[in-house]
Each structure stands twice: as structure tokens, then as C-alpha cells.
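Participant: Top to bottom, those sequences are chains A and B. Under this note's numbering, the final residue of the first sequence carries the number 244; numbering is consecutive throughout. Under this note's numbering, the final residue of the second sequence carries the number 553; numbering is consecutive throughout. Each residue gets a CB set at the ideal place from its N, CA and C atoms; glycine is no exception.
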Amino acid sequence: MQNLGIIFRRELTGYFATPLAYVFIVIFLITNGIFTFDLGGFYARGQADLIPFFSFHPWLYLFMVPAIAMALWADERKTGTIELLLTLPIRLSEAVLGKFLAAWALTGLALLLTFPIWITVNHLGDPDNGVIAAGYIGSWFMAGAYLAIGSCMSACTRNSVIAFILTVSVCFLFVIMGSPILLGAFPDWMPQAIVDAVAALGFLTHFDSITRGVLDIRDVLYFSVFIAAWLLASAIVIEIKKAN
Amino acid sequence: MIEIKNLTRKFDQVVAVDDLSFDVREGEVLGFLGPNGAGKSTTMKVITGFLSPSSGSVTIAGFDIGGRPLEAKSLIGYLPEGAPSYGDMSTLAFLRFIARIRGYRGQQAEDRIAAVMRDVALESVAHQTIETLSKGFKRRVGLAQAILHDPKVLILDEPTDGLDPNQKNQVRELIRNLAKDKIVIISTHILEEVTAVCTRAIIIDRGKIVADGAPGELEARSRYHQAVEVRLSSEIDLAAELAGVAQIAGVERGHSGSASFTILSRGEPIFAQVSELAQRRQWPVEEFHVRRGQLEDVFRTVTQSAAGQ
Numbered sequence: 001m002q003n004l005g006i007i008f009r010r011e012l013t014g015y016f017a018t019p020l021a022y023v024f025i026v027i028f029l030i031t032n033g034i035f036t037f038d039l040g041g042f043y044a045r046g047q048a049d050l051i052p053f054f055s056f057h058p059w060l061y062l063f064m065v066p067a068i069a070m071a072l073w074a075d076e077r078k079t080g081t082i083e084l085l086l087t088l089p090i091r092l093s094e095a096v097l098g099k100f101l102a103a104w105a106l107t108g109l110a111l112l113l114t115f116p117i118w119i120t121v122n123h124l125g126d127p128d129n130g131v132i133a134a135g136y137i138g139s140w141f142m143a144g145a146y147l148a149i150g151s152c153m154s155a156c157t158r159n160s161v162i163a164f165i166l167t168v169s170v171c172f173l174f175v176i177m178g179s180p181i182l183l184g185a186f187p188d189w190m191p192q193a194i195v196d197a198v199a200a201l202g203f204l205t206h207f208d209s210i211t212r213g214v215l216d217i218r219d220v221l222y223f224s225v226f227i228a229a230w231l232l233a234s235a236i237v238i239e240i241k242k243a244n
Numbered sequence: 245m246i247e248i249k250n251l252t253r254k255f256d257q258v259v260a261v262d263d264l265s266f267d268v269r270e271g272e273v274l275g276f277l278g279p280n281g282a283g284k285s286t287t288m289k290v291i292t293g294f295l296s297p298s299s300g301s302v303t304i305a306g307f308d309i310g311g312r313p314l315e316a317k318s319l320i321g322y323l324p325e326g327a328p329s330y331g332d333m334s335t336l337a338f339l340r341f342i343a344r345i346r347g348y349r350g351q352q353a354e355d356r357i358a359a360v361m362r363d364v365a366l367e368s369v370a371h372q373t374i375e376t377l378s379k380g381f382k383r384r385v386g387l388a389q390a391i392l393h394d395p396k397v398l399i400l401d402e403p404t405d406g407l408d409p410n411q412k413n414q415v416r417e418l419i420r421n422l423a424k425d426k427i428v429i430i431s432t433h434i435l436e437e438v439t440a441v442c443t444r445a446i447i448i449d450r451g452k453i454v455a456d457g458a459p460g461e462l463e464a465r466s467r468y469h470q471a472v473e474v475r476l477s478s479e480i481d482l483a484a485e486l487a488g489v490a491q492i493a494g495v496e497r498g499h500s501g502s503a504s505f506t507i508l509s510r511g512e513p514i515f516a517q518v519s520e521l522a523q524r525r526q527w528p529v530e531e532f533h534v535r536r537g538q539l540e541d542v543f544r545t546v547t548q549s550a551a552g553q
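(1) Can you give me the C-alpha to C-alpha distance between V23(A) and M64(A), rounded to a whole angstrom?
(2) Pick helix, strand or coil for I119(A), following the three-state DSSP scheme.
(3) Can you grab the Cα-Cα spacing for the pair D263(B) / L88(A), in whole Å?
(4) Quick one: any contact between the region 288 to 301 of chain B and the region 246 to 266 of chain B, if contact means 3 or more CB pairs under 8 Å?
(5) So D267(B) packs on I246(B), CB below 8 Å; how close in whole Å?
(6) Chain B partners of R10(A), CB-CB under 7 Å?
(7) Spell out whether any CB of chain B is found under 7 Å from the CB atom of I6(A).
(8) Applying a beta-carbon distance threshold of less than 9 Å, which residues of chain B neighbour T18(A)?
(9) For my contact list, A148(A) and L20(A) are in at a C-beta cut-off of 8 Å; report their separation, rounded to the angstrom.
(10) So which residues on chain A does K317(B) lean against when the C-beta distance must stay under 7 Å?
(11) G511(B): buried (16+ other C-beta within 10 angstroms of its C-beta) or exposed?
(12) Is DSSP giving G98(A) helix, strand or coil here?
(13) Given that G14(A) touches chain B, what residues does it touch there, using C-beta distances under 9 Å?
(14) How about V360(B) and L392(B): do their beta carbons lie closer than 7 Å?
(15) 7 Å is my cut-off, CB to CB: does E94(A) come that close to chain B?
(16) Looking at chain A, which residues of the region 365 to 386 of chain B have a Cβ within less than 7 Å of any of its Cβ atoms?
(17) Taking only the alpha-carbon atoms, compute the straight-line gap between A197(A) and F174(A) and give it to the nearest angstrom.
(18) Distance cutoff 7 Å, beta carbons only. Does L321(A) sit that close to anything in chain B?
(19) Alpha carbon to alpha carbon, how far is R384(B) from G406(B)? Give it in angstroms, no decimals.
(20) Mapping DSSP to helix, strand and coil, what is R497(B)?
(21) DSSP state of V214(A), grouped into three classes?
(22) Could you name the residues that DSSP lists as bridge partners for S301(B)?
(23) Specify, as a first and last residue, the run of the beta strand (DSSP E) that V175(A) falls within.
(24) For N3(A), go through chain B and note every residue whose CB falls closer than 7 Å to its CB, in chain order.
(25) Using beta carbons (cut-off 7 Å, strictly below), is V225(A) in contact with chain B?
(26) If you check the beta carbons only, do S154(A) and M70(A) fall under 7 Å apart?
(27) Would L508(B) pass as a contact of A455(B) if the rule is Cβ separation under 7 Å?
(28) Taking the runs of the alpha helix (DSSP H) that are 4 residues or longer, which of them lie wholly in the region 425 to 478 of chain B?
(29) With a cut-off of 7 Å, does the C-beta of T205(A) fall near any C-beta of chain B?
(30) Is L398(B) buried or exposed, if buried means 16 or more other CB atoms sit within 10 Å of its CB?
(31) Could you check which residue in H206(A), A134(A), A163(A) has the C-alpha nearest to that of R218(A)?
(32) Whose C-beta lies closer than 8 Å to the C-beta of Q553(B) among residues of the same chain, with five residues either side of it excluded?
(33) What are the partner residues of D401(B), as DSSP defines its beta bridges?
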């Protein structure tokens, strides 16, 4: 567990040693502002909640999170540091988890820095801060799910641009799984159980219920299991691919 | 002690390392030689636990690299091919990261880092970002992380590649000093390096050992071992002159165009006989010396004959 912390710290300081972390945070905040106030009609709705803010997150993450995740393993392979890292006396699981947690902490930090929006909504009205807290937690877990996919995709290739594109594609699939776009495309004769099962695998089904203030343990569990599964897949892919 | 038993590593259908077995003991500096693609790096990657063997086993001081990887890896210091390190970190930050992973904390870590930075002369670039360093410095950063925990087993994949002659000498000196109670395995294709630092050399080709012995022993296998080189001021028929001497295997003409010849021995010293003959027959000798067997000749012979099969 000590090694996990050491790797986590190295990765996190690595983000701030280059402009990456700053660029990510600044762009994240600007885009969030545009989405919420401009496109989301924050003022026009006349309601003191952060629904417009959160409802854009699945789409915002689709581009922002893969940008963080793409380098996780692809760069280690490209520069050869993977050989250094995996011949140190650490477990592969510590490396996979440490890198993931550092990237997740960065998205968490970016999310926390959106607090002016929360202050604004509290200043303008009397929102249900419990619902907002649930929204933040849900959004962070969803970012973790994107990152876990990104970790696995990044392990598949030594080219981080390919990793980016793969991650965007797979994440997009999981976003639309729960959306009417895909569900409406199923033919009528398809049993409802299958349609429901597909919807249950998508991000939106779980995220929407969290942002509406229902912090159901099953939705949190969904994201946790989802993250664990993709991280496990990452470890397996790294083990298989490190030879070439 | 490192024990390698029947080690085989395949990539898809290609056999990179083919049923390799050897032991390395404390105090040995093993030079690992072979043409490009012979399986040197692959063998090192398996020994250090980066790749798992397709079959066979590697044990480091009794710990199987597959079964007890953490114990085995903590005994090893490894410089991978190309000396990779995290380019966005400073030299000091990178070595601090390695020190923490290796279990050093606080002042003890700082002392160890200071000591290795002194050993490989990195003090001047302690605060510089690694990606801005020259190739020689990067290589030394890689060496520093490998020796930081004073490992029992040191595995260096081409440690002097990209260094200038002075730095090469420093690194060889360092390896000689480190080697006393350690196991050192060096892969290289600079053959003079083997003669300079190694106590033993293994030549592999297509994943198999084709020669194994002390550098001196291997040199003795050269066809030029004990050969005598002469340069004459005018042409004489040297082959005919030497026809009667039993210990002489043959005469080769030199490449330089002038009347220079290499007189090959059958293994025994022939210097005395040839010199005596030269005086008696009054050869017009300009230069006369005994050649040492060259590792390069042996290398070429064993790797080419294996390729011809």
C-alpha cells in the first residue's frame, strides 16, 4: 500500500510539472461555464439547482477525460519507462491503481474548482445542497468510469492519440447506451428486458438519478464495479502487451 | 547467486531465447554478448521479471522471479535498454521517487541519493529536468537509479552506449568498484568492454549459448591466438620459408598492401621459432610482434558458424 501512495504522488506531481494539469483545469472550468450559463439556460430556467451544470458533464467528460487518460500507459510504453516501473519491487495492481487514482484526483480537483457555480446558485436562491452534493459525487464517480476505460485503452497502444480516440469511442458507447438515441433504435419486437439491461449498463441511467438527488447505493455500486472491472482489464492488457 | 534453468521465451512463433541455462555467482562480472536480435535484451527482461518465461525458471538468491517477484526484484538493480526515465521530473525528484520505492526514507534517502549522484557525477544536473539532459547524463541517471539501493544483483543493458570515451572509462571503473561482492551482468556489443571489466563472457546467438568462459579463455580460441605479425621491407615467399615448421598453421597476408603477414599458430607459442628463423634467414623485418587472440575473432567465428548451420 505504501508503494501505491508513492506512485500516486509521483503521477500527480507529474501532472503539475507540465502545463497539462493547468490547461486541463482551465479549459474544464471555461467549458463548464459556457455549458451551464449559455447553453444550459441557467438563468432563464429560474430554478435554484445545478441540473444544467451536471447534465452536460457526460458530454464534457467525453472529450476532457480521455485527454488525461490517454497518456497513462501509452507514454510509459513509448518511452520505455514501463520496463523501469514494472521491474521495481511493486505489484502491477499498485501501479495501475496509483496511476488511476492520481488522474481521478486531478478530475476531482477540477470538479471542486467549479465551486463558484455552487456559490452563485446559493446566492441567487435556496437550492437543495444535498442534491448538489450528490450531483458532485455522482459526477466524480462518472469521471472515474471514463478514466478507467481510458486506462485500459491507453494500455492497448503505445500511441496516445490512438488511445484518445479509442477512449472517446468506448465512452461514447456507454453514454448513449442509456440515452433515448440508442434505446429508441431498438426494434419493437426486442424484449423489454434486453432494452432495460442495455440501458442499465449506460452511464446516463445511473448519473441522471444521482443528479436528481437520489444517491442510490446501487448507482454508486454500478460505477465502483465498472471502474474496478476496467482497471482489472487494464492490468490484464498491460501484462499481455508489455512484451511487444 | 542467479540460476537460470532451461529458460525459453517465445514471441508468438519466434523463439527469442532457446533453452538457456547458466549460473552466475557473487563476484562475477558477466559480459553478455551476441549479435543484434540474439536474445540478450529478452534474457535480461526475463531475469529482471519484466517478461515472464515461456518455460524454464530464473531464481535470484533463491527467490523465483515468477513465484516471489517482490523479494527477487528488491535484490536487483536494472538499467533497461536505452536508460528510460521519467523525462518530466528533475534528476533529484526522479531519484527520490526511486529511493522511496526502494524503501529509503528521510535523511537516509537523501544520503543515498547524494552518494550515487557523486558516484556517477550527476550533482551538476540535480535540479535539471531529465528530458533536457544530454544522452550521457540520461544514461548516468539510469545508472544512478540502478545502483541506488546498493543491489546484490546489477543488470545493465548497454551501460556505456552513447557515452564519450572518458565517461565510458568512468562507468567501467564504477562497475569494477561495485562488482566486489555482487553479481553484475552487462550486455554490450563493445567487445573491448568485456576485456576491460568482465570476469566471464557468454556469447549467445539465436537464443542459445555458443561460447562461455573467461575473456582470456575465449581469446585463446581465436585463430589468431599466439599468431605472429611481421612486416617486411621487401617481398619474400614467407609461406615457403615456414613450410617445414610443424607448429605453424599457415600464413595470411595482411590487408594493408605492404608486405605484412600474419603467421598462424596451432595453439602453442611460436614467437621463438619464428624469430630465430627470421634472424637465420635474414628476413628484411621492419616490425615483429605477437598478436593476442581477439574476442572479436571468436565472436565472429562462433556467431557465423551458428548462422551457417
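Facilitator: Let me lay it out:
(1) Taking the first residue of the first sequence as 1, we reach residue 23(A) at position 23. Taking the first residue of the first sequence as 1, we reach residue 64(A) at position 64. Roughly 11 Å separates the two Cα atoms.
(2) Position 119 of the first sequence, counted from the start, is the residue given in the question as residue 119(A). Three-state DSSP puts I119(A) in a helix.
(3) Residue 263(B) sits at position 19 when you count from the first residue of the second sequence. Residue 88(A) sits at position 88 when you count from the first residue of the first sequence. Within the model, the alpha-carbon separation for D263(B) versus L88(A) is close to 26 Å.
(4) These segments touch.
(5) Locating residue 267(B) in the second sequence gives position 23, counting from the first residue. Locating residue 246(B) in the second sequence gives position 2, counting from the first residue. Correct: roughly 7 Å between the Cβ atoms.
(6) As a position in the first sequence, residue 10(A) is number 10, starting the count at 1. Neighbours of R10(A) on chain B, chain order: F341.
(7) On the first sequence, residue 6(A) is found 6 positions in, with the first residue counted as 1. So, interface residue.
(8) As a working note, residue 18(A) is residue 18 in the first sequence. Ordered by position in chain B, the residues that pass the 9 Å Cβ test against T18(A) are D332.
(9) As a position in the first sequence, residue 148(A) is number 148, starting the count at 1. As a position in the first sequence, residue 20(A) is number 20, starting the count at 1. The pair is not a contact, with the Cβ atoms about 19 Å apart (cut-off 8 Å).
(10) The residue given as residue 317(B) occupies position 73 in the second sequence. K317(B) reaches chain A at T87, L88, P89, counting residues in chain order whose Cβ is nearer than 7 Å.
(11) Position 267 of the second sequence, counting from 1, holds the residue named residue 511(B). It counts as exposed.
(12) Here residue 98(A) refers to the residue found at position 98 of the first sequence. Taken through DSSP and simplified to helix, strand or coil, G98(A) comes out as helix.
(13) Taking the first residue of the first sequence as position 1, residue 14(A) is located at position 14. What G14(A) touches in chain B, judged by beta-carbon distance under 9 Å, is Y330, D332, M333, going in chain order.
(14) Indexing the second sequence from 1 puts residue 360(B) at position 116. Indexing the second sequence from 1 puts residue 392(B) at position 148. Yes, these two residues count as a Cβ contact at 7 Å.
(15) If you number the first sequence from 1, residue 94(A) lands on position 94. Interface with chain B (7 Å Cβ-Cβ cutoff): E94(A) is excluded.
(16) Within the region 365 to 386 of chain B, no residue qualifies.
(17) Counting from 1 along the first sequence, the entry for residue 197(A) is found at position 197. Counting from 1 along the first sequence, the entry for residue 174(A) is found at position 174. Between A197(A) and F174(A), the C-alpha separation is close to 12 Å.
(18) A query on residue 321(A) cannot be resolved here, the shown segment of chain A reaching from 1 to 244 and no further.
(19) As a working note, residue 406(B) is residue 162 in the second sequence. As a working note, residue 384(B) is residue 140 in the second sequence. Pairing G406(B) with R384(B), the inter-Cα distance amounts to about 10 Å.
(20) Residue mapping note: residue 497(B) aligns to position 253 of the second sequence, counting from 1. Of the three classes helix, strand and coil, the one that applies to R497(B) here is strand, per DSSP.
(21) In the first sequence, counting from the first residue as 1, residue 214(A) sits at position 214. DSSP places V214(A) in coil when its eight states are reduced to three.
(22) Taking the second sequence and counting its residues from 1, the one referred to as residue 301(B) is at position 57. DSSP lists K249(B) as partners of S301(B).
(23) Position 175 of the first sequence, counted from the start, is the residue given in the question as residue 175(A). In the DSSP assignment, V175(A) falls outside any beta strand (DSSP E) and within the unbroken alpha helix (DSSP H) covering 160 to 177.
(24) Within the first sequence, the letter at position 3 stands for residue 3(A). The answer, in chain order, is I345.
(25) Position 225 of the first sequence, counting from 1, holds the residue named residue 225(A). So, not an interface residue.
(26) Position 154 of the first sequence, counting from 1, holds the residue named residue 154(A). Position 70 of the first sequence, counting from 1, holds the residue named residue 70(A). Yes; because the gap between Cβ atoms is below 7 Å, this pair is in contact.
(27) If you number the second sequence from 1, residue 508(B) lands on position 264. If you number the second sequence from 1, residue 455(B) lands on position 211. Between L508(B) and A455(B), the C-beta spacing is not below 7 Å.
(28) If one requires a minimum length of 4 residues, the alpha helix (DSSP H) runs lying completely within the region 425 to 478 of chain B are 435 to 441, 459 to 464, in chain order.
(29) To locate residue 205(A), count along the first sequence from 1; it is residue 205. Taking Cβ atoms only, chain B never reaches closer than 7 Å to T205(A), which makes this a no.
(30) As a working mapping, residue 398(B) is identified with position 154 in the second sequence. Sixteen is the threshold: when 16 or more other Cβ atoms of the shown chains lie within 10 Å of the Cβ of L398(B), as they do, the residue is buried.
(31) For the purposes of this step, residue 218(A) is identified with residue 218 of the first sequence, where counting begins at 1. Out of H206(A), A134(A), A163(A), H206(A) has the C-alpha closest to the C-alpha of R218(A).
(32) Counted from its first residue, the second sequence places residue 553(B) at position 309. In this prediction, Q553(B) scores a pLDDT of 45, lower than 50, which makes its location untrustworthy; no coordinate-derived value is stated.
(33) Translated into the one-based positions of the second sequence, residue 401(B) becomes position 157. D401(B) is bridged to S431(B).
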